[in-house]
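Visitor: Order-wise, the sequence lines are chains A and H. So in full-length UniProt numbering, the last one in the first sequence is 598, and the numbering has no gaps at all. So in full-length UniProt numbering, the last one in the second sequence is 635, and the numbering has no gaps at all. Note that the Cβ used here is the ideal one computed from N, Cα and C, for glycine as well. In this text the structure is predicted, and so the values were computed from the model without any measurement.
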Amino acid sequence: MQEIEVTPLGAGQDVGRSCILLSIGGKNVMLDCGMHMGYNDDRRFPDFSYITQDGPITNFIDCVIISHFHLDHCGALPYMTEMVGYSGPIYMTQPTKAIAPILLEDMRKVAVERKGESNFFTSQNIKDCMKKVITVGLHESVMVDSQLEIKAYYAGHVLGAAMFWIRVGSQSVVYTGDYNMTPDRHLGAAWIDKCRPDILITESTYATTIRDSKRCRERDFLKKVHECVDRGGKVLIPVFALGRAQELCILLETYWERMNLKVPVYFAVGLTEKANNYYKMFITWTNQKIRKTFVQRNMFDFKHIKPFDKQYIDNPGAMVVFATPGMLHAGLSLQIFKKWAPNENNMVIMPGFCVVGTVGHKILNGATKVEFENRQVVDVKMSVQYMSFSAHADAKGIMQLIQYCEPKNVLLVHGEASKMAFLKEKIQSEFKIDCFMPANGETAVIKATHPISIDMSAKLFKSEMDHQNSQPPDPKRRRILNAVLVVKDSSMTVMDADEACEEAGISRHTVRFTSIVRLQDPGPVAKTAEHLFGLISSRLVDWNVQLNDLAISVESVLVKVEGTEEEKNVLVSWANQDEELGSSILTLIQTIDDGEVP
Amino acid sequence: MKEMTIMLDCGLSAQSILNFLPLPLVPSPRLGSLSNWLPRDCNDPQLEGELKECHGRVFVDSAPEFCPPLGKLIDYSEIDVILISNYTAMLALPYITEGTGFHGIVYATEPTLQIGKFYLEELVQYLEQTPKAALASRWKELLHLLPPPLSESFKPRCWKQLYNLTTLSSSLARIQTVGYNEKLDVYGALKVTAVSSGYCLGSSNWVINLDHEKVAYVSGSSTLTTHPRPMDQNALKNADLLILSGLTQVPSSNPDSMLGELCMTVVSTLRGNGSVLIPCYPSGVIYDLFECLSAHLDSSSLSQIPMFFISPVADTSLAYSNILAEWLSEVKQNRVFMPEEPFPHAYLVKMGRLKHFTHIYANGFNTEFRMPCVVFCGHPSLRFGASVHFVELWGSNPAHTIIFTEPDFAYLDALAPFQPLAMKAVHCPIDTSLNFVQANKLVRELKPANLVLPDCYTVPPPSLPHRTDLVIQQADHKVLVMKRGEVISLPLKKKKVKVKLSAELASCLTPTQIKPGVMLSSLTGNLVVRDNHFDIKMFEGSEGDSNQLLPVKSSQNSQFEWGTVNVDLFVQRLNEEGITDAKVEPSPSGYIIHLQNQDTVIQIDDRSTHIFCEEPDQKLRKHLRKVLSECLNKF
Ligand SMILES: [Zn+2]
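(1) Suppose only complete runs of 3+ residues qualify. What are the beta strand (DSSP E) ranges in the region 194-243 of chain H, listed by chain order?
(2) Just checking: is the beta-carbon of Leu-628/H within a distance shorter than 8 Å of some beta-carbon in chain A?
(3) Flag Ala-504/A as yes if its beta-carbon sits less than 8 Å from any beta-carbon of chain H, otherwise no.
(4) Return yes when at least one heavy atom of ligand 1 lies under 7 Å from the C-beta of Asp-178/A, else no.
(5) Consider the C-beta atom of Ser-388/A and the heavy atoms of ligand 1; say whether any pair is separated by less than 7 Å.
(6) Along the chain, which unbroken stretches of the beta strand (DSSP E) at least 3 residues long are found entirely within the UniProt domain "Beta-Casp" (245-363) of chain A?
(7) Could you confirm whether any beta carbon from chain A is found closer than 8 Å to the beta carbon of Ile-602/H?
(8) May I ask you to check if the CB of His-36/A is nearer than 7 Å to at least one heavy atom of ligand 1?
(9) Buried or exposed: where does Pro-398/H fall if 16 or more other Cβ atoms within 10 Å of its Cβ makes it buried?
(10) How many angstroms separate the CA atom of His-227/H from the CA atom of Leu-145/H?
(11) Between Asn-276/A and the rest of its own chain, which residues show a CB-CB distance below 6 Å, the 5 nearest in sequence each way excluded?
(12) His-325/H versus chain A: which residues are under 8 Å apart at the beta carbon?
(13) Using a Cβ cut-off of 8 Å, pull out every chain H residue sitting near Tyr-91/A, in sequence order please.
(14) Between which two residues does the beta strand (DSSP E) carrying Asp-434/A extend?
(15) Assuming the contact rule is C-beta atoms closer than 8 Å, Lys-498/H and Asp-455/A should be a hit. Round their C-beta distance to whole Å, please.
(16) Do Thr-177/H and Glu-98/H have their beta-carbon atoms positioned less than 8 Å apart in this structure?
(17) Using 8 Å as the threshold, is the region 36-48 of chain H in touch with the region 106-123 of chain H, meaning 3 or more CB pairs across them?
(18) So, is the C-beta of Cys-501/A closer than 8 Å to a C-beta in chain H?
(19) For a contact defined as C-beta to C-beta under 7 Å, what are the partners of Ala-483/A on chain H?
(20) Looking at the secondary structure, which residues open and close the beta strand (DSSP E) in which Gln-249/H lies?
(21) For Ala-207/A and Lys-419/A, which I take to be in contact (beta-carbon distance under 8 Å), what is that distance rounded to the nearest angstrom?
(22) Which chain A residues sit within Cβ distance under 7 Å of Gly-179/H?
(23) Answer yes or no: do Asp-54/A and Gly-88/A have a C-beta to C-beta separation smaller than 8 Å?
(24) Can you name the residues of chain A whose CB is closer than 8 Å to the CB of Phe-534/H?
(25) Is it buried or exposed, Tyr-361/H, if we count other Cβ atoms within 10 angstroms and call 16 or more buried?
(26) Are the region 313-323 of chain H and the region 348-362 of chain H touching by the rule of at least three beta carbon pairs closer than 8 Å?
(27) Is it buried or exposed for Tyr-347/H, if we count other Cβ within 10 angstroms and need 16 for buried?
(28) Buried or exposed: which applies to Leu-532/A, given that a residue is buried once 16 or more other Cβ atoms fall within 10 Å of its Cβ?
(29) Could you check whether the Cβ of Thr-510/A sits closer than 8 Å to any Cβ belonging to chain H?
(30) Please work out which residues of its chain come closer than 8 Å, Cβ to Cβ, to Leu-190/H, disregarding the five sequence neighbours upstream and downstream, and give them in chain order.
(31) Does the Cβ of Val-250/H lie closer than 7 Å to at least one heavy atom of ligand 1?
(32) Below 8 Å between beta carbons: does that hold for Ser-221/H and Ser-197/H?
(33) In whole angstroms, what separates the C-alpha of Thr-564/A from that of Glu-630/H?
(34) Counting pairs of beta carbons, one from the region 370-385 of chain H and one from the region 323-334 of chain H, are three or more of them closer than 8 Å?
(35) From the DSSP output, which residues share a beta bridge with Gly-26/A?
(36) Decide if the region 212-221 of chain A is in contact with the region 429-446 of chain A; the criterion is three or more beta carbon pairs, one per stretch, under 8 Å apart.
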């Protein structure tokens with residue numbers, strides 16, 4: 001099969017849920033299985049009926065690969081495995097396997113317990129689903145079956161995020177998931193080697209921007225928090241237990257340390273210690289600096305950040321509190337919000353996306369009053385801030401990744417259509433390669449032709465290698481190979497002609513031509529030979545022309561000078577295979593005789 | 001062909017250090033008062049003070065020296081690649097990579113690098129914290145006058161002092177870390193893969209793949225279930241060559257029963273109000289010992305007994321062990337999903353049952369230290385480190401016990417400079433590496449075409465000459481035996497190399513069937529060489545063609561002739577083409593055809609035809625070429 005097909009079921013010209021079907025060399029791979037956080041209905045999950053209308057989809061999917069723990073990349077996984085029915089292999093990194101179930105459970109609670117949704121997966125579903133997961137290490141080559149190979153590369157973005165290289169036969173694809181090309185506070189930058197895939201499927205969230213760097217947004221965040229506590233205000237940061245919470249904690253911790261601030265910072269997250277524990281144990285996935293210093297000080301053992309107690313809500317004076325859940329739809333974060341909202345000195349910072357219907361969504365849309373079930377109305381006078389800290393590659397980063405891995409085609413997903421189109425133009429003009437951006441449900445078909453892997457006999461290899469090594473290195477030089485392909489018992493081997501004849505049990509018949517040119521070139525024979533050598537080598541740039549003992553040789557062509565002081569006989573001889581070269585040299589020497597060339 | 005020199009591991013023989021006197025942390029009156037030893041009838045003044053006698057044994061009073069790998073066998077600057085299997089097999093790395101002109105690549109897994117680093121740093125720090133002013137060397141010249149075992153020292157003149165931290169860190173900086181099952185392309189010539197060997201954190205065996213050959217190198221491996229990731233045997237199967245090394249050093253001891261004995265000894269000593277000293281390395285089996293021993297103390301109602309872990313790198317060791325989850329057994333890996341630390345020693349530290357200190361003089365040690373207790377500390381040779389201190393301190397008290405678990409040193413030799421000793425000494429060597437039963441089973445399952453063994457595996461161990469079962473069976477496969485200091489050639493004949501043929505060029509080829517099952521096709525293309533890889537691409541002429549002044553392009557589709565020329569047919573065809581002056585004469589090897597009018601001679605033999613044109617008439621020559629070509633088979 002020469003074609004590779006890519007069909008987004010999600011993330012095709014949108015930033016919702018990532019779920020991409022890849023068909024390569026007769027294998028079908030699902031890349032991510034995300035959930036759309038903006039919908040409450042069927043549109044939330046990928047349309048698995050696209051894969052098959054009836055029966056289990058296990059027969060149609062060879063494996064599922066999850067790039068990282070964000071719900072827009074793994075949120076539909078329990079639905080797919082436990083409710084739609086998929087029992088094949090699922091691959092992800094170890095941190096993803098550890099953290100994904102916690103986020104899935106958080107989301108499940110919001111959906112079922114708060115919004116009363118039915119037909120949603122259960123806690124047990126999540127557990128059963130995770131049991132099917134196989135973990136992969138970075139750069140580990142994993143054979144899914146005898147033909148399908150996958151390999152993970154570091155992607156930055158979040159703890160455990162990976163890009164995946166997928167190969168069947170000589171065809172290969174790289175899927176980036178979300179990635180980040182600049183190292184940040186606790187993660188390193190994405191890296192990939194020159195694996196030259198047929199297709200690079202890359203996210204394009206920030207396709208058109210050379211973004212205001214993440215550093216700027218962080219500075220902005222710190223400035224706002226600092227200003228608020230300076231005027232004695234209280235800052236509420238609703239978060240989910242894992243991921244952004246730890247990032248922001250590191251940010252505040254180092255800032256507090258540097259600025260020597262005394263205002264208390266509290267962390268009121270259900271799993272406080274446990275959550276940070278994940279980060280401590282997966283320290284090998286963080287950046288160099290954290291890894292180097294972790295024995296002296298684990299970055300996730302926070303000095304300034306203390307556990308929160310409910311009684312602190314009414315404490316006077318400034319404070320900063322991280323509290324769950326992240327969308328202000330229930331629990332402690334909502335409770336604190338109700339108390340602090342009416343005071344204009346206070347501030348709430350929403351560091352992530354909020355689902356329609358949640359208090360978070362309402363206040364982000366400018367609601368100045370929020371009404372609750374028990375007819376309680378809360379005035380929102382506190383300052384409301386939204387800040388995105390997600391680490392994605394910007395246009396520059398995407399171009400850089402293309403440079404790293406040298407794909408033959410690029411396919412854009414996880415971005416807005418108009419911005420994708422802009423980036424597509426840029427990629428095509430800059431790299432002179434094709435770029436695709438299929439919409440959801442649309443299939444991009446990409447031709448992939450590949451060299452065939454054959455054998456070369458050791459004898460021929462050695463002689464070509466010797467030839468190669470005898471010359472100064474020059475990457476532009478192209479050597480002409482004149483050899484024979486032997487097809488025998490379904491094996492293919494290139495050999496030199498003599499070997500090939502022997503292999504086939506036949507005798508080779510060599511044909512040679514010799515012509516004699518008489519030259520009037522008074523002087524010693526050696527001088528004539530040198531003269532001819534100079535002439536021939538000047539006409540044959542890049543050929544290996546040699547002069548030995550009055551004989552000039554290039555490939556199988558031999559030019560030999562004989563005769564006396566007065567008259568020279570020049571013998572020009574060559575094998576049939578060098579007919580063009582031999583006859584050209586002969587003509588050249590004849591023209592000297594005719595006096596055309598001095 | 002693809003010339004490569006690969007070095008498999010670079011261990012260091014540390015046995016030499018047993019010949020030296022221990023280096024105590026605080027001056028020891030006992031060691032200081034040992035009498036000088038001189039050979040009878042020898043009054044070499046230079047030897048004076050170099051040798052001391054303790055309880056009938058002679059020791060060298062000097063900074064301990066190590067025996068690095070034999071340097072004369074190979075030129076280190078010629079080594080392309082060094083593969084390190086585990087952190088116990090890299091002690092000699094700085095001797096090889098630093099100051100030798102070495103410029104190759106060193107591969108090791110991340111845990112091997114990290115643990116190896118603190119393993120070696122510990123060793124360097126032990127020696128640096130107890131420096132010796134004088135270096136004894138005269139004794140090396142007078143070996144024949146010395147008593148055994150000193151007289152039997154292996155090439156003591158080659159022994160070297162240990163490197164320093166700077167040399168160590170620049171050597172370690174050369175290591176490139178690899179993951180298990182990561183296929184590494186080495187200079188385009190071969191592929192190297194580390195696979196889990198089950199022996200310790202990050203330990204690996206290596207699979208080296210050439211295009212058509214597979215070499216498997218088995219180093220320290222274990223099939224027992226301890227803390228590391230299990231051994232991957234599948235990857236090692238059906239190799240053309242299997243190099244087997246790293247078998248257990250104590251083939252007659254079973255690690256499980258040794259562990260049981262250790263626990264029992266500890267409990268009975270503690271019950272007798274004595275303390276226990278366990279000399280150890282800073283990583284490896286100690287993790288299992290912490291786990292098993294604490295559980296055993298619990299079940300013996302001795303939970304209140306403190307365990308001390310004293311090493312300059314104790315904190316690093318404990319910290320690293322808990323962040324390397326991906327390199328651990330499944331049970332341990334699953335703990336991080338809870339999330340709990342994979343090893344219980346994190347919990348033991350938190351509860352204050354396991355206390356770790358860098359030194360015995362570190363802050364807080366004196367206030368925390370209480371007896372009875374269990375002390376884990378280095379070095380297992382009892383020549384330096386805190387273990388020297390504790391043997392000196394407890395040696396005279398029969399209530400205490402020293403338990404030897406590390407198999408690297410003969411325990412009686414280790415104890416020799418401390419004799420006489422009242423403290424109990426118990427030998428419980430725990431070596432989880434393959435024993436002979438496991439190794440024989442492994443070889444049977446891996447089915448290598450050729451097996452390479454060190455000579456010591458072909459005969460029973462010297463200490464157990466009657467145990468003929470303690471050898472590697474040699475039936476069923478070709479066996480090659482390696483001896484120390486010997487170079488052997490391994491039987492790998494390279495017949496073919498993989499190259500890439502472009503699809504475009506392949507589609508242009510028109511193979512000719514020569515006989516059933518054999519087809520030949522001449523092939524003309526551009527050969528592109530990149531990182532030792534050959535690509536054959538569509539012929540586009542040579543790069544310089546545009547500035548070539550000779551029309552030499554298009555040797556495309558040139559074919560090869562085979563078989564013999566039917567001379568009659570050839571002459572007949574010449575006639576048909578209007579060349580009628582051919583005169584055929586037999587020659588000793590075939591025929592000579594003379595074209596009288598053109599001064600042209602065609603010499604036809606069975607396997608060759610040579611056309612001489614006296615008159616350089618290219619038109620005639622090309623004509624003859626065409627006719628001849630029609631009279632020959634081609635492909
Ligand atoms: Zn993401």
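Guide: According to the data block:
(1) 204-209, 214-218
(2) The residue given as residue 628/H occupies position 628 in the second sequence. At least one chain A Cβ lies under 8 Å of Leu-628/H.
(3) The sequence position of residue 504/A within the first sequence is 504, counting from 1. For Ala-504/A, the answer is yes, since a Cβ of chain H falls inside 8 Å of its Cβ.
(4) Numbered from its first residue, the first sequence carries residue 178/A at position 178. Yes, the Cβ of Asp-178/A comes within 7 Å of a heavy atom of ligand 1.
(5) For the purposes of this step, residue 388/A is taken as the residue at position 388 of the first sequence. Ser-388/A Cβ: outside cutoff for every heavy atom of ligand 1.
(6) Qualifying beta strand (DSSP E) stretches, in chain order: 265-268, 305-307, 319-323, 347-350.
(7) On the second sequence, position 602 is the one that residue 602/H refers to. Ile-602/H does not count as touching chain A.
(8) Locating residue 36/A in the first sequence gives position 36, where the first residue counts as 1. No, the Cβ of His-36/A stays beyond 7 Å of every heavy atom of ligand 1.
(9) As a working note, residue 398/H is residue 398 in the second sequence. Per the 10 Å Cβ criterion, exposed.
(10) Working through the second sequence from its first residue, we reach residue 227/H at position 227. Working through the second sequence from its first residue, we reach residue 145/H at position 145. Straight-line Cα distance between these residues: approximately 48 Å.
(11) For the purposes of this step, residue 276/A is taken as the residue at position 276 of the first sequence. So the qualifying residues of the chain are Phe-300.
(12) Start at 1 with the first residue of the second sequence, and residue 325/H comes out as number 325. A quick correction: the sequence has Ala, not His, at residue 325/H. Ordered by position in chain A, the residues that pass the 8 Å Cβ test against Ala-325/H are Gln-94, Met-281, Phe-282.
(13) Position 91 of the first sequence, counted from the first residue, corresponds to residue 91/A. Near Tyr-91/A there are no residues of chain H at all, since even the closest Cβ is about 13 Å away, more than 8 Å.
(14) Residue mapping note: residue 434/A aligns to position 434 of the first sequence, counting from 1. Residues 434-436.
(15) Your numbering for residue 498/H matches position 498 in the second sequence. Your numbering for residue 455/A matches position 455 in the first sequence. With 8 Å as the limit, Lys-498/H and Asp-455/A qualify as a contact, their Cβ atoms being about 6 Å apart.
(16) Numbered from 1 along the second sequence, position 98 holds the residue referred to as residue 98/H. Numbered from 1 along the second sequence, position 177 holds the residue referred to as residue 177/H. No, Cβ-Cβ distance for Glu-98/H and Thr-177/H is not below 8 Å.
(17) no
(18) Against the first sequence, residue 501/A aligns to sequence position 501. Yes, because at least one Cβ of chain H sits closer than 8 Å to the Cβ of Cys-501/A.
(19) Along the first sequence, read from residue 1 onward, the residue named residue 483/A stands at position 483. Chain H residues near Ala-483/A: Leu-523.
(20) Residue mapping note: residue 249/H aligns to position 249 of the second sequence, counting from 1. Neither: Gln-249/H is in no beta strand (DSSP E) and is coded neither H nor E.
(21) Sequence index remark: in the first sequence, residue 207/A carries index 207 (1-based). Sequence index remark: in the first sequence, residue 419/A carries index 419 (1-based). 4 Å between Cβ atoms; contact.
(22) Within the second sequence, numbered from 1, the residue matching residue 179/H stands at position 179. Per Cβ cutoff of 7 Å: Gly-137, Leu-138, His-139, Glu-140.
(23) Numbered from 1 along the first sequence, position 54 holds the residue referred to as residue 54/A. Numbered from 1 along the first sequence, position 88 holds the residue referred to as residue 88/A. The answer is no: Cβ separation not under 8 Å.
(24) Numbered from its first residue, the second sequence carries residue 534/H at position 534. Residues of chain A passing the Cβ test: Met-456, Phe-461, Glu-464.
(25) Reading the second sequence from its first residue, position 361 is the one you call residue 361/H. Counting the other CB atoms within 10 Å of its CB gives Tyr-361/H a total below 16, which places it among the exposed residues.
(26) yes
(27) By one-based count along the second sequence, residue 347/H stands at place 347. With fewer than 16 other Cβ atoms within 10 Å, it is exposed.
(28) On the first sequence, position 532 is the one that residue 532/A refers to. So Leu-532/A counts as buried.
(29) For the purposes of this step, residue 510/A is taken as residue 510 along the first sequence, with counting starting at 1. For Thr-510/A, at least one C-beta of chain H is nearer than 8 Å to its own C-beta.
(30) For the purposes of this step, residue 190/H is taken as residue 190 along the second sequence, with counting starting at 1. Excluding positions up to five away in sequence, the list reads Lys-2, Met-4, Ile-208, Asn-209, Leu-210.
(31) Taking the first residue of the second sequence as position 1, residue 250/H is located at position 250. In this structure, ligand 1 has no non-hydrogen atom nearer than 7 Å to the beta-carbon of Val-250/H.
(32) Indexing the second sequence from 1 puts residue 221/H at position 221. Indexing the second sequence from 1 puts residue 197/H at position 197. Taking 8 Å as the Cβ cut-off, Ser-221/H and Ser-197/H qualify as a contacting pair.
(33) Working through the first sequence from its first residue, we reach residue 564/A at position 564. Working through the second sequence from its first residue, we reach residue 630/H at position 630. Roughly 40 Å separates the two Cα atoms.
(34) no
(35) Walking along the first sequence from the start, residue 26/A turns up at place 26. DSSP, once it has assigned bridges, lists no residue as partnering Gly-26/A.
(36) Two segments are said to touch when three or more pairs of C-beta atoms, one from each, lie closer than 8 Å; by this definition the region 212-221 of chain A does not touch the region 429-446 of chain A.
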